Structure formats: structure tokens, C-alpha cells
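These notes concern the structure reproduced below.
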């Protein structure tokens, strides 16, 4: 696998744009915490090494559109395909490559002379239980880190994560993004916990349930949880067809 990674990088470097990159903030929810997926810039070392961790990202190919680059990068670094992607920011600080050590790593990896790189950032939403069990994610030592305790990353990747979380918080209030992070069948407690985790605040349980139960695209099932050590809660599903129909009529998702 490591030989494959080296050969793949060598094939790519001749076509890379030395001035423009894409970085991807991959968010996941484990039922309790919101987490972000990080990889090691040196696949031969462990994912716990602070200062060498990074977001999945790379210079774009010269002929590539940005969204295609984001999809490619997620596929090449993690093995993830067909997941939610949203562009949220451009990072163009001339000082973002100030660390000489980080800059040398980028130049060595790309075999290019790098003076300044502008990066376009995307966030993606995945279900943790299906997201990091690929050969590529293992090869790059991909690890989940709680958004509340992210270590020091290379370049300005800590700042990119902060801005990505801000964008997710704003858009969560008008778009049903949470269902990209939840199991297909979920309880209202799980839904509330996810909102509280992302928004960083507690929500009144009674008011939350009243608002959610008024939404016709959150559909209760005649099913309850299995294998829990408490009273099983009723399960629900998100009906995307109902949501799409209401969205056409300008009925938006509001918490």
C-alpha cells in the first residue's frame, strides 16, 4: 500500500497547480461528540503525532474543477465516495505557509517550487461507522478527533476547521444536514443530542420535540430501539421526497 501511495504521488506531481489547493473538513458524529477526520502527512508514522496531522487536502490538477478536486482528494486520501460536500470558504492569507518545515514538506511532496497557495475549503458529512475502514484511510492513519480537542495541525488547518464548523452551525438551522450524520433510523434523543453538540448549547427537550414533531418530513415509525438498557425509544426516518416537495414551496427547515 505505501508503494502504491508513493507511485501515485509521483504520477500526479507533473500536473499539479502550485498556487491552488483544496482542503476537506470531514465531520462525523459518534452519538455523543462531533468529530473531524485527520490524516498524517507522513503515512509511515502514527496518527497521534501532533504537528504532522492535517486535513485531507492537496494541490489541484491543472485541468480540474474545484468540486471534482474535492471528490478526488477525499477518494485518494480516505477511500470515501459519494458523500455530502459543501464549499464554505477561501483561505488566502499570504502568511498561511509561514512554517518553513511545513513548506519544505509540501515542496518535497509535490516536487514543485511553492511561493503562495490559496486553498478552497469544503466540509463533508459522513456516518462514522462506515467512514474509516478503507485501505486508504488505514494507510494514511486517518483518525477521528473530537472538535473540542483538536491538536495542532500543519499550515492553517485549525483555522479552516473552525470556519467549517461555523458554516455548519449556520446551515444546520435552515437545511436538514443532520441526517447525513445520523443512522437511517434514529430517535428524537439522538437528533437533539446532535443539534446540541453542533450548536454548542443545550436545547429545551419539550420545545425541541414540539418543533420536530411538526415537521412532516421527519416520519415516526412503528419501531423502537433494540438492544438498549433503558426503555426503547421510538425510531424516526427523514423523508427526503417530502422535504424536497416542501422546499419547492419555499418551506424551509427551521429548528
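In the working numbering, the protein residues as written are 5 to 259. We put the CB at the ideal spot given by N, CA and C, even for glycine. Predicted model, so just to flag it, every value in this text is computed and none were measured.
So what does DSSP say about residue i, is it helix, strand or coil?
i, result
"residue 166", "helix"
"residue 234", "coil"
"residue 66", "coil"
"residue 183", "helix"
"residue 227", "strand"
"residue 128", "strand"
"residue 4", "No answer is possible for residue 4: it lies beyond the span of the chain, which begins at 5 and ends at 259."
"residue 14", "Confidence at residue 14 is low in this model, with a pLDDT of 47, below 50, so the placement of that residue is unreliable and no value is reported for it."
"residue 217", "helix"
"residue 106", "helix"
For residue i, which residues does DSSP report across the bridge?
i, result
"residue 245", "According to DSSP, residue 245 bridges with nothing at all."
"residue 116", "Beta-bridge pairing links residue 116 to no other residue."
"residue 93", "125"
Assuming residue i contacts residue j under a Cβ cut-off of 8 Å, what Cβ separation, rounded to an integer in Å, is found between them?
i, j, result
"residue 204", "residue 29", "Not quite, the Cβ-Cβ distance comes to about 17 Å (not below 8 Å), so this is no contact."
"residue 131", "residue 185", "7 Å"
"residue 221", "residue 250", "7 Å"
"residue 43", "residue 145", "6 Å"
"residue 149", "residue 39", "6 Å"
"residue 161", "residue 89", "Between residue 89 and residue 161 the Cβ distance is about 17 Å, and since that is not below 8 Å, they are no contact."
"residue 245", "residue 236", "Wrong, their Cβ atoms sit about 27 Å apart, outside the cutoff."
Roughly how many angstroms separate the alpha carbons of residue i and residue j, rounded to a whole number?
i, j, result
"residue 190", "residue 240", "5 Å"
"residue 116", "residue 109", "11 Å"
"residue 252", "residue 112", "50 Å"
"residue 214", "residue 192", "11 Å"
"residue 124", "residue 154", "21 Å"
"residue 23", "residue 158", "17 Å"
"residue 172", "residue 179", "10 Å"
"residue 19", "residue 87", "26 Å"
"residue 14", "residue 114", "Reliability of the predicted coordinates at residue 14 is poor, the pLDDT of 47 falling under 50, and the value obtained from them is presented with this limitation in mind. Near 8 Å, if we compare the C-alpha coordinates of residue 114 and residue 14."
"residue 182", "residue 77", "23 Å"
"residue 82", "residue 45", "13 Å"
"residue 63", "residue 152", "28 Å"
"residue 33", "residue 66", "34 Å"
"residue 96", "residue 71", "18 Å"
"residue 248", "residue 165", "29 Å"
With distance defined between alpha-carbon atoms, name the residue in the options nearest to residue i.
i, options, result
"residue 208", "64, 94, 196", "196"
"residue 238", "56, 223, 25, 174", "223"
"residue 101", "58, 80, 118", "118"
"residue 242", "219, 234, 235", "219"
"residue 36", "206, 188, 79, 201", "201"
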